[in-house]
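Single-structure report; data block below.
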Amino acid sequence: MSNLSRALGLTMAVSLTLISFLSIAEESSLARVYTLQVSYDQQPDFEKAFKDHIAWRKKAEDPWQWMAYQVIDGEGIGNYIVRSGNHKWADFSASDEFGKKSAKQWREGPAKYVARVSSHTTTTWQDTINWPEENFDPQFFQINEYRVKIGKMEQLHQAAREMHKAIMEHKWPVNYAFVQIDSGGPANQVTLVLPYLSWSAMEQPEVKLQEVLVKTYGEEKAADILGRWSDAVLEINTFMLRKRGDLVE
1 MSNLSRALGL TMAVSLTLIS FLSIAEESSL ARVYTLQVSY DQQPDFEKAF KDHIAWRKKA
61 EDPWQWMAYQ VIDGEGIGNY IVRSGNHKWA DFSASDEFGK KSAKQWREGP AKYVARVSSH
121 TTTTWQDTIN WPEENFDPQF FQINEYRVKI GKMEQLHQAA REMHKAIMEH KWPVNYAFVQ
181 IDSGGPANQV TLVLPYLSWS AMEQPEVKLQ EVLVKTYGEE KAADILGRWS DAVLEINTFM
241 LRKRGDLVE
């Protein structure tokens, strides 16, 4: 578990804050995410059918590009996550049109092995993101889902901005992004995504996040930021994803 994860609420004695109901991100931060539940014994057949389906979509000039991940711990272990990101709202019209062509191929292929599917649309906040733009290919992602108390989202968002400012000023070596569900899931949920190149990259920095906050703001304000986060978080769910680039090649 990363120090940022622990500070962001997994250990509530050292907690932080997050994000608002109002989308303040650029339109290009939109993503469509599908969660697919496939029984363990059918996963080999599903993966073959899914690869064939992706190949068909590419040949048919799908306007969207997709990436696949798999849950490797937690309650949803084994589930597949399929995501297409960096979209504007206008892009969804093209996706809908292509969907009219791809639906039959999907039903006759991978869908036969899917026991359950859900989807949602998300927005990534551009004012609290620390993600390398080039030559960054993480293979693992720690996912922390935060259920936020009603009426506390803006409180969370402001604290996240303050933490982000301190992290960037001191070049604290942790990458992250905050993502909010726009539709298809809980309106009061925000997700912290922590990308890692490998298992060994998950080692915590020697300097802890709380120390970074104290250096930037002093002990009193650092404690206030942590306290506002702790006050706003209702519950937390965590799990790890492994990138499955082999499914979309």
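Its first residue numbered 1, the sequence shown is counted upward by one per residue in UniProt numbering.
Glycine residues also receive a C-beta, built at the ideal position from the N, C-alpha and C atoms.
Inset, instruction - Use the C-beta contact count for S29: other C-beta atoms within 10 angstroms, 16 or more gives buried, fewer gives exposed. - result: Residue 29 sits at position 29 when you count from the first residue of the sequence shown. By the 10 Å Cβ count, S29 comes out buried.
Legend entry - Q180, DSSP secondary structure in three states: In the sequence shown, residue 180 corresponds to position 180, counting from 1. Q180: strand per DSSP, three-state reduction.
Inset, instruction - Using alpha carbons as the reference points, say which of I181, G99 and A160 lies closest to T123. - result: Position 123 of the sequence shown, counted from the start, is the residue given in the question as residue 123. Among I181, G99 and A160, the Cα nearest to that of T123 belongs to I181.
Legend entry - Candidates D45, W106 and F92: closest to H53 by CA position: For the purposes of this step, residue 53 is taken as residue 53 along the sequence shown, with counting starting at 1. With distances taken between Cα atoms, H53 lies closest to W106.
Legend entry - Stretch-stretch touch, CB-based, cutoff 8 Å, three pairs: the stretch 221-233 with the stretch 153-163: yes
Legend entry - Paired residues, beta bridge with V193 - DSSP: Position 193 of the sequence shown, counting from 1, holds the residue named residue 193. Looking at the DSSP assignment, V193 forms a beta bridge with I143 and A177.
Inset, instruction - Please report how far the alpha carbon of V207 lies from the alpha carbon of Q42, in whole angstroms. - result: Along the sequence shown, one-based indexing puts residue 207 at 207. Along the sequence shown, one-based indexing puts residue 42 at 42. Roughly 45 Å separates the two Cα atoms.
Inset, instruction - Might you give, ordered along the chain, the residues of its own chain that have their beta carbon closer than 7 Å to the beta carbon of L36, omitting 5 neighbours on each side? - result: For the purposes of this step, residue 36 is taken as residue 36 along the sequence shown, with counting starting at 1. Taken in chain order, the residues that qualify are N79, Y80, V82, V114 and V117.
Inset, instruction - Assign L22 to one of two classes, buried (16 or more other C-beta atoms within 10 Å of its C-beta) or exposed (fewer than that). - result: If you number the sequence shown from 1, residue 22 lands on position 22. Confidence in L22 is poor, its pLDDT being 31 and thus under 50, which makes the residue's placement too unreliable to answer from.
Inset, instruction - Assign F178 to one of two classes, buried (16 or more other C-beta atoms within 10 Å of its C-beta) or exposed (fewer than that). - result: For the purposes of this step, residue 178 is taken as the residue at position 178 of the sequence shown. Under this definition F178 is a buried residue.
Inset, instruction - Pull up the CB-CB distance for M163 and I225, whole angstroms please, since I reckon it's below 8 Å. - result: In the sequence shown, residue 163 corresponds to position 163, counting from 1. In the sequence shown, residue 225 corresponds to position 225, counting from 1. Indeed they touch by this definition, with Cβ atoms about 6 Å apart.
Inset, instruction - Would you check if the stretch 196-205 and the stretch 138-150 touch, i.e. whether three or more CB-CB distances between them fall below 8 Å? - result: yes
Inset, instruction - Give the secondary structure of S198 by DSSP, where H, G and I count as helix, E and B as strand, and everything else as coil. - result: As a working note, residue 198 is residue 198 in the sequence shown. Looking at S198 - three-state DSSP - the assignment turns out to be coil, as it is neither helix nor strand.
Legend entry - Identity of the residue in N86, K165, K215 and W56 nearest residue 321 by Cα: There is no way to answer for residue 321, as the model of the chain reaches only from 1 to 249.
Inset, instruction - Kindly indicate which three-state DSSP category F239 falls into: helix, strand or coil? - result: In the sequence shown, the residue the question calls residue 239 occupies position 239. Residue state, collapsed to three classes: strand.
Legend entry - 9 Å Cβ cutoff met for N144 and I167: One-based indexing of the sequence shown puts residue 144 at position 144. One-based indexing of the sequence shown puts residue 167 at position 167. No, the pair does not count as a contact, with Cβ atoms beyond the cut-off.
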